[in-house]
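Residue numbers for the sequence shown follow the numbering used here, so the first one is 267 and each next one is one higher.
Ideal Cβ positions, reconstructed from N, Cα and C, are used throughout, including at glycine.
In what follows, a structure is listed as structure tokens, so that the remarks can point back to it.
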Amino acid sequence: MLTLWPHQQSGADDIRRAFYAGYRRVLYTLPTGGGKTILFSYIATQAAAKGNRVLICVHRRELVRQTVESIRQFGMEPGVIAAGWDGESNARSMVQVASIDTLRTRLQYYPAWRYQILVIDEAHHATAATWEAIISHFDIPTIGVTATPCRLTGKGLGEIWETLIQGPAYSELRCLGCLVDCDLYTIGGDQADGVAISRGDFKRRELESALDRSAVVGDAIDHYREHADGEPAIAFCVSRHHAQKVAEMFSGAGYQSFAVDGATEKAIRDDLIGGLARGNVQVLTSCDLISEGLDVPAARVGIMLRPTQSTALWIQQAGRLLRVAPGKDKAIILDHAGNTYRHGFPDADREWTLERGLEESETRAESITMCKSCFAAFRPGPRVCPSCGAEKVAEPRTPDKVKGRLTKAEREEIERAREEEARRKRREVGRARSYEELLAIEKERGYKPGWACHRWKARERKAG
Ligand SMILES: [Zn+2]
Numbered sequence: 267m268l269t270l271w272p273h274q275q276s277g278a279d280d281i282r283r284a285f286y287a288g289y290r291r292v293l294y295t296l297p298t299g300g301g302k303t304i305l306f307s308y309i310a311t312q313a314a315a316k317g318n319r320v321l322i323c324v325h326r327r328e329l330v331r332q333t334v335e336s337i338r339q340f341g342m343e344p345g346v347i348a349a350g351w352d353g354e355s356n357a358r359s360m361v362q363v364a365s366i367d368t369l370r371t372r373l374q375y376y377p378a379w380r381y382q383i384l385v386i387d388e389a390h391h392a393t394a395a396t397w398e399a400i401i402s403h404f405d406i407p408t409i410g411v412t413a414t415p416c417r418l419t420g421k422g423l424g425e426i427w428e429t430l431i432q433g434p435a436y437s438e439l440r441c442l443g444c445l446v447d448c449d450l451y452t453i454g455g456d457q458a459d460g461v462a463i464s465r466g467d468f469k470r471r472e473l474e475s476a477l478d479r480s481a482v483v484g485d486a487i488d489h490y491r492e493h494a495d496g497e498p499a500i501a502f503c504v505s506r507h508h509a510q511k512v513a514e515m516f517s518g519a520g521y522q523s524f525a526v527d528g529a530t531e532k533a534i535r536d537d538l539i540g541g542l543a544r545g546n547v548q549v550l551t552s553c554d555l556i557s558e559g560l561d562v563p564a565a566r567v568g569i570m571l572r573p574t575q576s577t578a579l580w581i582q583q584a585g586r587l588l589r590v591a592p593g594k595d596k597a598i599i600l601d602h603a604g605n606t607y608r609h610g611f612p613d614a615d616r617e618w619t620l621e622r623g624l625e626e627s628e629t630r631a632e633s634i635t636m637c638k639s640c641f642a643a644f645r646p647g648p649r650v651c652p653s654c655g656a657e658k659v660a661e662p663r664t665p666d667k668v669k670g671r672l673t674k675a676e677r678e679e680i681e682r683a684r685e686e687e688a689r690r691k692r693r694e695v696g697r698a699r700s701y702e703e704l705l706a707i708e709k710e711r712g713y714k715p716g717w718a719c720h721r722w723k724a725r726e727r728k729a730g
């Protein structure tokens, strides 16, 4: 059986105490790589040993297996509620791991009385209607875990959760050796300059065309070669098309480079991720898949090609690189997207609140000094660059988010625009009269292949 780190043990104790104190919805936050899957697996198996049935919800099918493996480390075989798992699911197990999409469609088969504890992984998604439906369907003691307890706009999660427990900070985890340090280079100007903002982040279409210039990727290849030649890398891209293109350009430069996304066959994807660790794949490019939750500990280099307004997304993406792995002493982040200047160091210690999310912490973001010769970004202090020793360093700069914090009215405007956009999208789907029209929507919005088919069949069923 696995031994917990001290911070995981005290996290489990803190969560237990919160339930004793009468809270029913407890949100726990700790940085990516801090071992939250192990933490809630421990809580779940402990609770199960005392006769409680535990339901763990994860937001992507890829995370199901990761969670199952974590539970097994505590000597238990969990059941699985996820499409495609029916054959090997273990329905009698006291611990069930569910993919949110599957659970939602089968909710009527899982009555609330059957479970005593609900765990929500990546709980910052829990303001979405699906999650809300699930949390209120069960209405049992619920634990949420996330590295970024806020919405895309930075707003808090107080509508869902009753209390927030802060786990250890980045600095603490680095000292413990749970996370690696990172060297950060900020290269190139702001590619997103002038790109319009919608629903709290840059418009994808516009970003895509702004970034669809070979110069940016060419730059990325040069800097990869200079700072991390051939080391296992993940490139974070704007869209699937962009990810494909970046992979092609890296391949053209002589690296083994491939794009992965939700539609990539699992066996192929696992093979590619394994290839990173084995050294026969150098650069994996991805749009959304690797941003959250999916473990790729062997990756040592982050090639950041997606400008974002969301501090949470920046933290989630860069956090993928900070996990420890054999032979990995530090991570290298090559920021070609201007995100460091927007949000500060991705591994800065931040304070969160349920009511205000990140707002509070933004005022604490550290200034950044940049080396004019090698583009290393570091915390103000040293007169010479700690990376290359050059004496030319720029004046410390404060991240933009601190300078230009959104006013309440602006935030409300963004929220309103998001809701309006969501309504518009639903209306559009409702108006589609044929399978072909649904298919066009699937393509346009970059939904997973099969979405239109699923929608169309559901409609036919309804029509009887
Ligand atoms: Zn330097």
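Residue i classed as buried or exposed, judged by whether at least 16 other C-beta atoms fall within 10 angstroms
i: residue 518; result: exposed
i: residue 448; result: buried
i: residue 374; result: exposed
i: residue 287; result: exposed
i: residue 646; result: exposed
i: residue 669; result: Confidence in residue 669 is poor, its pLDDT being 42 and thus under 50, which makes the residue's placement unreliable; the coordinate value appears in the next sentence. With fewer than 16 other Cβ atoms within 10 Å, it is exposed.
i: residue 434; result: buried
i: residue 700; result: exposed
i: residue 719; result: exposed
i: residue 638; result: exposed
i: residue 580; result: buried
i: residue 553; result: buried
i: residue 463; result: exposed
i: residue 654; result: exposed
i: residue 587; result: buried
i: residue 633; result: exposed
i: residue 442; result: exposed
Alpha-carbon to alpha-carbon, residue j and residue i
i: residue 426; j: residue 403; result: 13 Å
i: residue 617; j: residue 440; result: 17 Å
i: residue 569; j: residue 648; result: 26 Å
i: residue 362; j: residue 453; result: 45 Å
i: residue 394; j: residue 607; result: 29 Å
i: residue 603; j: residue 358; result: 48 Å
i: residue 416; j: residue 297; result: 13 Å
i: residue 567; j: residue 376; result: 42 Å
i: residue 615; j: residue 504; result: 27 Å
i: residue 656; j: residue 642; result: 10 Å
i: residue 325; j: residue 544; result: 28 Å
Strand pairing of residue i, partner residues [DSSP]
i: residue 568; result: 500, 599
i: residue 524; result: 550
i: residue 644; result: 635
i: residue 364; result: 323, 347
i: residue 436; result: In DSSP, residue 436 forms no bridge with anything.
i: residue 623; result: 619
i: residue 452; result: 601
i: residue 468; result: 463
Residue i: CB within 6 Å of a non-hydrogen atom of ligand 1
i: residue 448; result: no
i: residue 656; result: yes
i: residue 651; result: yes
i: residue 494; result: no
i: residue 416; result: no
i: residue 523; result: no
i: residue 323; result: no
i: residue 719; result: no
i: residue 642; result: yes
i: residue 444; result: no
i: residue 307; result: no
i: residue 576; result: no
i: residue 745; result: Nothing about residue 745 can be read from this structure; the chain reaches only from 267 to 730.
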